[in-house]
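Numbers 3 to 730, taken from this note's numbering, label the letters of the sequence shown in order.
Shown next, in structure tokens, is the structure this report addresses.
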Amino acid sequence: ASADEAERDWTVKVDVTGLSHGVRYWYAFDVVDASGPASKTRASDFPPTTREARSETGTFELPPPKGAAYPRDHGPLRAAVFSCANWAWGHFHAYDAAARGWGGADEPNAIVNADDEPRIHVWFHLGDYYYEYGRTHYPNADEAVPERWRSLDPSSETVTLDDYRRRHRLYRSDQGLRRLHASAPVVAMWDDHEIANNPWMNGAEDHQAWEGDFKTRARAAIRAYHEWLPTREPSPADDSSEDDSGNADYYYNRTVHFGDVASFVVLETRLTARTRPNANPGGDVWANLTKEIAASDTRAPASWPGSALERHIRAVKTGLDAYRSEENESMAGPAQLAWLADEVTGSATAGVAWQIVAQASPVMDMMSPDLEKAANALDGDGAPPPTGHGSWRAALEAWTDWTGTAPPGAESFGDGGRAVPVAAARALLAAGRYRLNWNFDDWRGYAAERRRLLEAVVPNANRAVVIGGDSHDSWAGVIAADATHWGAEGSWAAGARDPVSLGPGSIGAVEFDAPSVSPPGAFEQSFAWCPSELIDRGHLEANPGTLRHARTGRRGFVMITADADEFTADYVLTPTVRSRGYSPACGGSFVVTPPNGSPTVGRGLVLTERACPRFPSRLFTGPADPRFADWSGAGDSSAGLGSGNRDDSDRRIKTMDDAWIFGVFLGAFFVVGFAAGSTWRQGACGDVNARGGAGDRHGLGRSRGRQRDYHSLDDADGDNRPSEIEMG
Numbered sequence: 003a004s005a006d007e008a009e010r011d012w013t014v015k016v017d018v019t020g021l022s023h024g025v026r027y028w029y030a031f032d033v034v035d036a037s038g039p040a041s042k043t044r045a046s047d048f049p050p051t052t053r054e055a056r057s058e059t060g061t062f063e064l065p066p067p068k069g070a071a072y073p074r075d076h077g078p079l080r081a082a083v084f085s086c087a088n089w090a091w092g093h094f095h096a097y098d099a100a101a102r103g104w105g106g107a108d109e110p111n112a113i114v115n116a117d118d119e120p121r122i123h124v125w126f127h128l129g130d131y132y133y134e135y136g137r138t139h140y141p142n143a144d145e146a147v148p149e150r151w152r153s154l155d156p157s158s159e160t161v162t163l164d165d166y167r168r169r170h171r172l173y174r175s176d177q178g179l180r181r182l183h184a185s186a187p188v189v190a191m192w193d194d195h196e197i198a199n200n201p202w203m204n205g206a207e208d209h210q211a212w213e214g215d216f217k218t219r220a221r222a223a224i225r226a227y228h229e230w231l232p233t234r235e236p237s238p239a240d241d242s243s244e245d246d247s248g249n250a251d252y253y254y255n256r257t258v259h260f261g262d263v264a265s266f267v268v269l270e271t272r273l274t275a276r277t278r279p280n281a282n283p284g285g286d287v288w289a290n291l292t293k294e295i296a297a298s299d300t301r302a303p304a305s306w307p308g309s310a311l312e313r314h315i316r317a318v319k320t321g322l323d324a325y326r327s328e329e330n331e332s333m334a335g336p337a338q339l340a341w342l343a344d345e346v347t348g349s350a351t352a353g354v355a356w357q358i359v360a361q362a363s364p365v366m367d368m369m370s371p372d373l374e375k376a377a378n379a380l381d382g383d384g385a386p387p388p389t390g391h392g393s394w395r396a397a398l399e400a401w402t403d404w405t406g407t408a409p410p411g412a413e414s415f416g417d418g419g420r421a422v423p424v425a426a427a428r429a430l431l432a433a434g435r436y437r438l439n440w441n442f443d444d445w446r447g448y449a450a451e452r453r454r455l456l457e458a459v460v461p462n463a464n465r466a467v468v469i470g471g472d473s474h475d476s477w478a479g480v481i482a483a484d485a486t487h488w489g490a491e492g493s494w495a496a497g498a499r500d501p502v503s504l505g506p507g508s509i510g511a512v513e514f515d516a517p518s519v520s521p522p523g524a525f526e527q528s529f530a531w532c533p534s535e536l537i538d539r540g541h542l543e544a545n546p547g548t549l550r551h552a553r554t555g556r557r558g559f560v561m562i563t564a565d566a567d568e569f570t571a572d573y574v575l576t577p578t579v580r581s582r583g584y585s586p587a588c589g590g591s592f593v594v595t596p597p598n599g600s601p602t603v604g605r606g607l608v609l610t611e612r613a614c615p616r617f618p619s620r621l622f623t624g625p626a627d628p629r630f631a632d633w634s635g636a637g638d639s640s641a642g643l644g645s646g647n648r649d650d651s652d653r654r655i656k657t658m659d660d661a662w663i664f665g666v667f668l669g670a671f672f673v674v675g676f677a678a679g680s681t682w683r684q685g686a687c688g689d690v691n692a693r694g695g696a697g698d699r700h701g702l703g704r705s706r707g708r709q710r711d712y713h714s715l716d717d718a719d720g721d722n723r724p725s726e727i728e729m730g
């Protein structure tokens, strides 16, 4: 062990040159104790040496450079998209499912069945790879999975470099996450919880003065992030003696190319340019609405039309929309958006079919769910009403005490027999009826910046796709090609959900937002009494022009594929994160095509829902590892939610905490990167973390807008750069 290794928390990065495109590589790492023979060798066929332990076997394949032909015999490009993993909220079944179902064989000589051939080529983590909270935060002891809560390390909130490193070590003790890292490269970008809740350039909503200097804390968090993930760390531009903001480590936006099929442009939206925390000037929308409605003489919903309360709520909406539309507020900043436009244009000009913007949050505008329209629609569909009610409309009127005639102390009960707080139910009803925005932390809170984002992407792309996360729920939808629909009110304030009705050339981009790995969504946590069917349908009814899919209350990830002809997205759900077993299920499936099969159109994309595909059979079969002798999987290869397939409770996969943890067990962990000529960045414990791509430029200008390039291999325009993907 060297002093340098200790300085980097026993992580190591190595660049390996001379790799070839289209060749599958396998690798593993040894931890060596030169004082004696191996005592913890993992595979029986390894001869006795000085090896102390061997990692999982990792694998990767270097993709073609930008614009080069993607090998058609490889099938479509396949990638998994994740967001938000909180240790104490539950088990990381989404990671396990992706590695088990699409991770391929664990060894290079393994025999793979024909239906097991599909494997992921890369996976994306779009933020909140871990959460900084301690045991008293999110979740608290009453909300958490007990054994996960007890094992949280450190038990307090992460503030120092040592704290952040310990939290990384804890997460890497999860077997599913390690297997996923071994199965394919990962392209990762932080959001807020890798640092502190809701950070911006000069602070964070959840950073307190007694916790020290915020910049010191943020640099410690990002340092640990770069240590434990196989990233190629940014550095100041060669033509400056130092970064004038001291934030060189934050400039990690980059582009990853997969030949002529796809270019993923990855944005940083927290530390480099965000101008304010997310708080709106009047405070929490839900709390304010609840209090104001409860204090009104016309608090009953039947009395709202024409009342002073209604006029007040409409005025609140006007103020909130004006606040979130302020031109001088930013998330990505002008330099990064100019870089984004250049990257999208360069990819499209090179003949790449799909330009994909990968960032942390939902982009399409989503107004609060309209419960009234949702109840009427569910009744019109003949959906079974909640227990104890004759219709969805009757249930909603009971929960909100519609006429205000309920006797004092009367109670109503919602989903799961939970008591309904009438004032909160009325606030939720009002937010949907009057189209109030409640989230100011994502692009909804920065409507002018969202317009600038779309101006950089939609006109310059061949086919534009946005992927995001952060909300903890599953969303799919479209973004208008017409820039007049990019304002605070969003696209198509009213209209049909059928994309055909939007007319030729009306869709400029499609969007898929991944659910969380483990923590709950905002609505299931704050309005647990309200059935998810009503919340989901309420979102669709409130956003008929943009939103095509809404599913709250379910954890999982999105599996995407892309080839020259189409782009698909399958929502893979792992709902039961509170128990060790889980039942993988399909929560929805979509295909994106250009009109009339046109190879490059720039607008007019068609988003169509389709039947859920069959999942690989290996997703439902037990592993060979004898530690999983109590496995209880089933052999069928598909399960579904909302797709006509069964969500079989007997098809439960059992996962276990590792008794033998490579890296944490030994107090050492390796992150190894392959770089230079043609490169993948690789990580120890068999993990593989992808980044870069042929001809990619990693850079974000300062406030002066000067372009920053962080790799000596970059040429003047970034188009002739050797292939590079960072893995770990």
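Positions of the beta carbon are idealized from the N, C-alpha and C atoms, including for glycine.
As the structure is a computational prediction, the values presented were derived from the model and not from experiment.
Segment limits, alpha helix (DSSP H) that includes residue i
{"i": "Glu-543", "result": "534-544"}
{"i": "Val-287", "result": "287-297"}
{"i": "Asn-315", "result": "The amino acid at residue 315 is misidentified as Asn; the sequence shows Ile. Residues 310-326."}
{"i": "Thr-218", "result": "216-230"}
{"i": "Arg-167", "result": "163-173"}
{"i": "Glu-399", "result": "394-401"}
Beta-carbon proximity list for residue i, same chain, < 8 angstroms, skipping 5 on both sides
{"i": "Thr-61", "result": "Arg-26, Tyr-27, Trp-28, Tyr-29, Gly-106, Pro-110, Ala-184, Ser-185, Ala-186, Val-690"}
{"i": "Ile-224", "result": "Trp-192, Glu-196, Ile-197, Asp-251, Tyr-252, Leu-273"}
{"i": "Trp-151", "result": "Ala-90, Arg-137, Pro-141, Ala-143"}
Close beta carbons around residue i, own chain, < 6 angstroms, minus the five adjacent residues each side
{"i": "Ala-427", "result": "Trp-401, Thr-402"}
{"i": "His-551", "result": "Ala-478, Gly-590"}
{"i": "Met-366", "result": "Gly-479, Ile-481, Glu-513, Thr-548"}
{"i": "Val-594", "result": "Val-512, Phe-569, Leu-607, Leu-609"}
Counted within 10 angstroms of its Cβ, other Cβ atoms place residue i as buried (16 or more) or exposed
{"i": "Gln-361", "result": "buried"}
{"i": "Ala-289", "result": "exposed"}
{"i": "His-487", "result": "buried"}
{"i": "Asp-117", "result": "Model confidence at Asp-117 stands at a pLDDT of 44, short of 50, so the residue's coordinates are unreliable and nothing is read from them."}
{"i": "Ala-101", "result": "buried"}
{"i": "Glu-7", "result": "exposed"}
{"i": "Gly-471", "result": "buried"}
{"i": "Gln-210", "result": "exposed"}
{"i": "Pro-409", "result": "exposed"}
{"i": "Val-34", "result": "exposed"}
Cα-Cα separation between residue i and residue j, rounded to whole angstroms
{"i": "Asp-572", "j": "Glu-399", "result": "36 angstroms"}
{"i": "Asp-286", "j": "Trp-440", "result": "8 angstroms"}
{"i": "Val-468", "j": "Val-512", "result": "6 angstroms"}
{"i": "Pro-148", "j": "Arg-582", "result": "12 angstroms"}
{"i": "Phe-569", "j": "His-123", "result": "15 angstroms"}
{"i": "Ser-476", "j": "Tyr-436", "result": "24 angstroms"}
{"i": "Thr-578", "j": "Pro-307", "result": "42 angstroms"}
{"i": "Gly-510", "j": "Phe-31", "result": "45 angstroms"}
{"i": "Arg-278", "j": "Gly-20", "result": "45 angstroms"}
{"i": "Arg-121", "j": "Ala-70", "result": "21 angstroms"}
{"i": "Ala-661", "j": "Gly-92", "result": "In this prediction, Ala-661 scores a pLDDT of 25, lower than 50, which makes its location untrustworthy; no coordinate-derived value is stated."}
{"i": "Val-267", "j": "Ala-337", "result": "14 angstroms"}
Close-in-space but distant-in-sequence residues of the same chain around residue i (CB under 7 angstroms, 5 per side omitted)
{"i": "Ala-429", "result": "Trp-288, Leu-291, Thr-292, Ile-295"}
{"i": "Ala-222", "result": "Thr-162, Leu-163, Tyr-166"}
Residue i (DSSP reduced to helix, strand or coil)
{"i": "Ala-186", "result": "coil"}
{"i": "Arg-557", "result": "coil"}
{"i": "Arg-137", "result": "coil"}
{"i": "Glu-207", "result": "coil"}
{"i": "Pro-596", "result": "coil"}
{"i": "Val-468", "result": "strand"}
{"i": "Gln-361", "result": "coil"}
{"i": "Ala-482", "result": "strand"}
{"i": "Pro-615", "result": "coil"}
{"i": "Leu-431", "result": "helix"}
{"i": "Arg-121", "result": "coil"}
Residue i: first and last residue of the uninterrupted beta strand (DSSP E) it sits in
{"i": "Tyr-27", "result": "26-29"}
{"i": "Gly-510", "result": "509-515"}
{"i": "Asp-32", "result": "32-34"}
{"i": "Val-519", "result": "Segment: none, Val-519 is in no beta strand (DSSP E) and carries neither H nor E."}
{"i": "Tyr-252", "result": "Per DSSP, Tyr-252 belongs to no beta strand (DSSP E) and is neither H nor E."}
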